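Below is one structure; the comments refer to it alone.
Below, the structure is given as structure tokens:
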């Protein structure tokens with residue numbers, strides 16, 4: 001059902017407003033426009049993976065630059081009638097049973113019967129001089145995204161919490177030359193030291209104070225060493241970090257949806273929007289998909305989550321439309337008018353089906 005119209009105050013109404021135009025948002029929008037829904041995608045143009053040179057582990061699009069993949073997705077959504085608006089959402093207000101009013105940072109506003117939030121997250125990086133500008137190039141996080149491209153190179157792991165040991169053991173699959181820099185992370189347990197030693201992973205104490213480059217690439221890290229014999233600087237072509245994953249969802253607090261905290265051993269490592277397996281949040285009518293609700297989703301997994309949430313949104317809208325149709329039909333009966341003809345059982349108070357005069361229902365009809 002196409003349901004785009006202007007509200008009394010001139011604000012455009014849509015069946016669904018998708019907030020975020022990354023993999024999850026575009027995939028959800030595509031499924032919804034193909035379900036004949038009116039869809040607006042609001043996108044700030046700041047995808048999480050923008051610093052990366054290519055998208056990997058995406059079947060059929062392996063190695064595609066992130067911007068190119070998004071351009072393809074936008075074209076596909078537009079082909080079926082989806083529309084786009086550049087901007088950031090500042091607040092959302094519920095309008096009773098009429099859905100939501102979505103207000104952008106520049107004060108523009110639109111109406112939506114349902115919201116699909118796919119705003120992703122912000123990677124809050126460790127505060128080490130020279131680290132942030134190298135993010136997505138030779139300062140990395142996910143081996144499934146970038147491991148193949150840096151295989152067999154000297155890789156350092158910057159420990160900032162309990163994830164450090166896990167990351168060191170994980171990245172060992174891609175290189176035999178792994179160094180775990182303890183930095184601000186906790187001291188490994190005796191069991192952890194045993195695992196690291198068994199895998200040939202060096203452990204270097206001391207805080208990393210700077211990154212050194214040569215020829216436009218990471219060359220080494222410099223430490224405030226506690227053991228001079230450990231060497232300083234330490235050769236390193238890739239530095240793996242564990243960012244804090246902050247959900248881009250502050251605008252949802254206006255409808256009572258606050259991002260949940262994700263903690264590891266009591267330490268805050270990120271926030272996310274809690275949702276069920278179909279993307280439904282604690283606020284009726286608001287759905288979430290992708291990194292905003294699951295920080296570990298790669299692009300392909302986020303796209304799948306967007307499509308799954310879109311199906312749930314469409315089903316939700318169908319249920320609402322059916323309830324309204326039933327209510328309208330009952331109102332007609334109450335007013336003395338003939339109800340709409342529907343084939344079915346007499347026990348339901350429905351009219352005589354069209355096939356009754358022919359001696360019985362067709363095969364498979366109840």
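Numbering (UniProt numbering), first residue to last: 1 to 366.
All residues carry an ideal CB built from backbone N, CA and C; glycine is no exception.
Everything numeric in this text was worked out from a predicted model, so none of it was measured.
**Asked** Taking just the CA atoms, how far does residue 185 sit from residue 265?
**Response** 12 Å
**Message:** Strictly by DSSP, which residues pair up with residue 42?
**Reply:** 19, 85
**Request:** With a threshold of 16 other CB atoms inside 10 Å of the CB of residue 171, please say whether the residue is buried or exposed.
**Result:** buried
**Item:** Reduced DSSP secondary structure (H/G/I, E/B, other) of residue 11
**Value:** coil
**Top-ranked residue by Cα proximity to residue 246, from 280, 269, 176** = 269
**Message:** For the stretch 284 to 299 against the stretch 321 to 332, do three or more pairs of beta-carbon atoms, one drawn from each stretch, fall closer than 8 Å, so that the two count as touching?
**Reply:** no
**Prompt:** What is the DSSP secondary structure of residue 68, reduced to helix, strand or coil?
**Reply:** helix
**Simplified DSSP state of residue 105, which is helix, strand or coil** = coil
**Message:** From the DSSP secondary-structure annotation, give me the bridge partner or partners of residue 158.
**Reply:** 181
**Item:** CA-to-CA distance, residue 291 to residue 309, given in whole angstroms
**Value:** 13 Å
**Prompt:** So, residue 56 versus residue 145, is the Cβ gap smaller than 8 Å?
**Reply:** yes
**Asked** Which residues in the same chain have their Cβ closer than 8 Å to the Cβ of residue 148, if we skip the five residues on either side of it in sequence?
**Response** 56, 174
**Item:** Under 8 Å between C-beta atoms of residue 42 and residue 87
**Value:** yes
**Asked** Taking the C-alpha atoms as reference points, what is the distance between residue 195 and residue 140?
**Response** 23 Å
**Item:** Own chain, CB closer than 7 Å to residue 311, minus 5 neighbours either side, in chain order
**Value:** 31
**Message:** Buried or exposed for residue 296, going by 16 or more other Cβ atoms inside 10 Å?
**Reply:** exposed
**Prompt:** In chain order, what residues of the same chain have a beta carbon less than 7 Å from the beta carbon of residue 387, not counting five sequence neighbours either side?
**Reply:** Look at the range of the chain in this structure, 1 to 366, and you will see that residue 387 is not part of it.
**Buried versus exposed, by CB contacts within 10 Å (16 or more), residue 281** = buried
**Own chain partners of residue 365 with C-beta closer than 7 Å, once the 5 adjacent residues on each side are dropped** = For residue 365, the predicted model reports a pLDDT of 46, less than 50, meaning its position is unreliable and no value from the coordinates is stated.
**Message:** Quick check on DSSP: helix, strand or coil for residue 317?
**Reply:** helix
**Request:** Would you identify the three-state DSSP class for residue 144, choosing helix, strand or coil?
**Result:** helix
**Request:** Below 8 Å on the Cβ atoms is my guess for residue 163 versus residue 211; work out the distance and round it to an integer in Å.
**Result:** About 20 Å separates the two Cβ atoms, so there is no contact after all.
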